[in-house]
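Have a look at the structure below before the remarks.
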Amino acid sequence: MTEIDILKSIAENLSERKSTAALNNYEVLCNNIKYVNDLLTWGVNSLRIVQSQADTAFKNDSLVLADFKDNTKPHFYFRNIVPRIILNDISVLDKFISYTEPDNRQGITVGNVGKLQKSFTDYNNLVTSARQFIDSLVADAYQLTLLEAKSTNYQVLVSLNSFSKYTTKSIRQGLFNAAIENSLNEFETLNYNQWANSHITKCAHKNFGDKVDFLFTNLNLTAETDFKEEIKNLFKFSSEFTHIGYVSTFFTSSDISEVIFTDSISPYLPSTENFSELKYEILETATKFYSKIYLPTLLNSFKKSFEPSTFQIFETSLAQLQSKIIENLKTRNNQYYFFIKQGLIASNSVIDLTCMCGTTNNWQPPHDLANIYCKCCGSKFNLLEIEGDPGYIMTSSGPIKVIGSSVPDFDDLSPERKVELLKQWEELMKKNKL
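Numbering (numbering that gives the first Met the number 0), first residue to last: 0 to 433.
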């Protein structure tokens with residue numbers, strides 16, 4: 000292609016917007032957004048407790064390691080800095096959570112469905128909060144991993160240097176004491192090329208991607224290449240919105256009229272579904288980062304800081320926090336298989352399909368195959384038909400009743416019958432070495 004061909008494609012595609020398409024299920028998206036937003040909210044509230052406990056523990060000489068007791072060594076000063084870093088992250092997380100809540104559809108009608116339309120401001124607020132989330136937590140996780148004086152000096156002094164350029168006299172007076180003024184003056188004697196490597200500062204990994212690579216290596220997650228790229232792609236994507244790029248403004252600034260869709264809750268617009276689809280993808284990636292990268296990094300930092308008995312307390316609470324988030328995320332958008340009696344499909348019976356997320360989906364006749372999914376979590380259902388009246392099927396998870404069979408549900412069986420079935424299951428597992 001020539002430069003004119005490229006320019007022509009830009010002129011044609013960035014001057015007239017195509018109609019919006021809705022390719023996902025809005026109701027499922029809203030359910031999943033609420034679920035993951037609630038899960039992350041719980042995770043942040045749990046982190047508040049950990050932060051408070053760590054702040055108290057850092058103030059107790061008997062609970063920290065030797066280097067943290069000696070005020071001639073840099074680690075001594077991290078006793079104040081580490082709790083402050085965690086508080087910084089909690090503030091960023093709180094903002095992100097506020098921008099990733101599900102849409103409020105209460106009172107939405109065909110007449111006021113325009114309230115659900117999403118504009119440039121909505122997209123910019125959502126994606127900029129995602130940029131702040133991923134940028135801040137990566138930078139802070141990097142500092143928590145290093146716990147090095149020069150590295151922390153660099154991070155804070157660069158921030159102070161920018162902040163001081165435009166802040167008001169009143170704010171400066173309340174924030175800057177003589178010691179920090181002297182530190183900033185010392186930093187400002189350096190030229191820009193010296194910032195990352197001087198007698199008072201150091202930054203071995205200046206770029207976002209380099210910090211991400213460092214964190215994954217430090218946590219022995221080098222095999223998680225797809226997730227690592229997902230983090231970097233979120234940063235690049237959110238940067239486009241944060242820096243008000245051409246594509247982001249073109250995509251979100253449109254006055255094209257939209258068709259009105261509807262579901263069992265209320266009317267909605269294709270742009271509403273598009274926005275929620277993006278919101279869920281961002282929210283899921285951010286929550287995975289929080290559980291897989293940020294929390295383990297914080298745990299490693301505590302291991303460097305506290306006596307073993309104190310560290311074990313934090314290890315237990317943070318491991319439980321991480322495990323709950325990771326396991327609960329797995330309940331979204333899966334594929335599940337149900338054994339069903341042949342002939343039940345296309346009958347007049349309502350078929351109850353209970354998802355692993357706990358929601359029972361009542362599949363109504365005439366049993367449209369397009370409707371066999373969970374409206375709560377978005378998981379897809381696959382049906383395996385069994386001839387006759389098969390009763391129970393032995394699976395790797397245990398005996399399972401074939402839907403439509405005349406036998407009672409497993410939970411309704413007598414204790415003796417349960418034991419009998421479980422013995423059969425154990426023998427089958429041993430025989431097949433499962």
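Each residue gets a CB set at the ideal place from its N, CA and C atoms; glycine is no exception.
Model, not experiment: these values are computed from the prediction.
Assuming contact is defined by CB atoms lying nearer than 7 Å, are residue i and residue j in contact in what I supplied?
{"i": "LYS72", "j": "ASP66", "result": "yes"}
{"i": "ARG104", "j": "SER237", "result": "no"}
{"i": "ILE292", "j": "LEU214", "result": "yes"}
{"i": "LEU233", "j": "THR284", "result": "yes"}
{"i": "ASN361", "j": "CYS373", "result": "no"}
{"i": "PHE77", "j": "LEU145", "result": "no"}
{"i": "PRO266", "j": "VAL109", "result": "yes"}
{"i": "GLN50", "j": "ILE107", "result": "no"}
{"i": "LEU156", "j": "PHE175", "result": "no"}
{"i": "CYS356", "j": "THR330", "result": "yes"}
{"i": "LEU159", "j": "LEU189", "result": "no"}
{"i": "GLU384", "j": "ILE350", "result": "no"}
{"i": "VAL112", "j": "ILE259", "result": "yes"}
{"i": "GLY390", "j": "VAL406", "result": "yes"}
{"i": "LEU136", "j": "ASP88", "result": "yes"}
Which class does residue i belong to by DSSP, given the choice of helix, strand or coil?
{"i": "ASP351", "result": "strand"}
{"i": "PHE337", "result": "strand"}
{"i": "VAL63", "result": "strand"}
{"i": "ALA21", "result": "Model confidence at ALA21 stands at a pLDDT of 47, short of 50, so the residue's coordinates are unreliable; what they give is reported in the following sentence. Reduced to three states, the DSSP call for ALA21 is coil."}
{"i": "ASN196", "result": "strand"}
{"i": "GLU426", "result": "helix"}
{"i": "ASN181", "result": "helix"}
{"i": "ASN12", "result": "helix"}
{"i": "GLU26", "result": "helix"}
{"i": "ASN219", "result": "coil"}
{"i": "GLY342", "result": "coil"}
{"i": "LYS7", "result": "helix"}
{"i": "GLU384", "result": "strand"}
{"i": "ASN431", "result": "coil"}
{"i": "GLU419", "result": "helix"}
{"i": "TYR245", "result": "helix"}
Please look up how many angstroms separate the CB atoms of residue i and residue j, rounded, as I've assumed it's under 8 Å.
{"i": "VAL434", "j": "PHE305", "result": "Here the chain covers residues 0 to 433 and nothing more, so residue 434 does not appear."}
{"i": "TYR141", "j": "LYS201", "result": "Actually they do not touch by this definition, with Cβ atoms about 12 Å apart."}
{"i": "ASN332", "j": "CYS376", "result": "7 Å"}
{"i": "LEU320", "j": "GLY403", "result": "Rounded, the Cβ-Cβ distance is 41 Å, inconsistent with contact."}
{"i": "ARG171", "j": "SER163", "result": "7 Å"}
{"i": "ASN36", "j": "ILE96", "result": "6 Å"}
{"i": "ILE199", "j": "LYS149", "result": "7 Å"}
What's the gap between the Cα of residue i and the Cα of residue j?
{"i": "VAL126", "j": "PRO295", "result": "25 Å"}
{"i": "ALA21", "j": "THR358", "result": "For ALA21, the predicted structure reports a pLDDT of 47, less than 50, and the residue's modelled location is therefore unreliable. A value from the coordinates is still provided. Approximately 25 Å, taken between the alpha carbons."}
{"i": "GLN341", "j": "SER128", "result": "51 Å"}
{"i": "SER18", "j": "ILE243", "result": "Only weak support is given to the placement of SER18: the predicted model assigns it a pLDDT of 49, under 50, and the value that follows is read from those uncertain coordinates. Between SER18 and ILE243, the C-alpha separation is close to 22 Å."}
{"i": "ASN381", "j": "GLN334", "result": "7 Å"}
{"i": "ASP262", "j": "GLU272", "result": "12 Å"}
{"i": "LEU421", "j": "PHE337", "result": "20 Å"}
{"i": "PRO414", "j": "LYS430", "result": "24 Å"}
{"i": "PRO101", "j": "TYR25", "result": "10 Å"}
{"i": "SER290", "j": "THR241", "result": "25 Å"}
{"i": "TRP194", "j": "LYS205", "result": "11 Å"}
{"i": "PRO398", "j": "GLN52", "result": "45 Å"}
{"i": "ASN299", "j": "PHE310", "result": "10 Å"}
{"i": "ALA203", "j": "LEU115", "result": "46 Å"}
{"i": "ASN217", "j": "ASP4", "result": "46 Å"}
{"i": "PHE119", "j": "SER270", "result": "11 Å"}
{"i": "ILE9", "j": "LEU220", "result": "40 Å"}
Measuring from the CB of residue i, is there a heavy atom of the ligand GDP at a distance below 6 Å?
{"i": "PHE234", "result": "As presented, the structure is devoid of all ligands, the ligand GDP included, so that no description of it is given."}
Inset, instruction - Output the residue ranges of the alpha helix (DSSP H) runs that lie fully inside the stretch 91 to 145 and measure 4 residues or longer, sorted by chain position. - result: Every alpha helix (DSSP H) stretch that sits fully inside the stretch 91 to 145 and reaches 4 residues is listed by chain position as 119 to 145.
Inset, instruction - Please go through the stretch 247 to 298 and give each complete beta strand (DSSP E) segment of 3 or more residues, from N-terminal end onward. - result: Inside the stretch 247 to 298, DSSP marks no whole beta strand (DSSP E) run of 3 or more residues.
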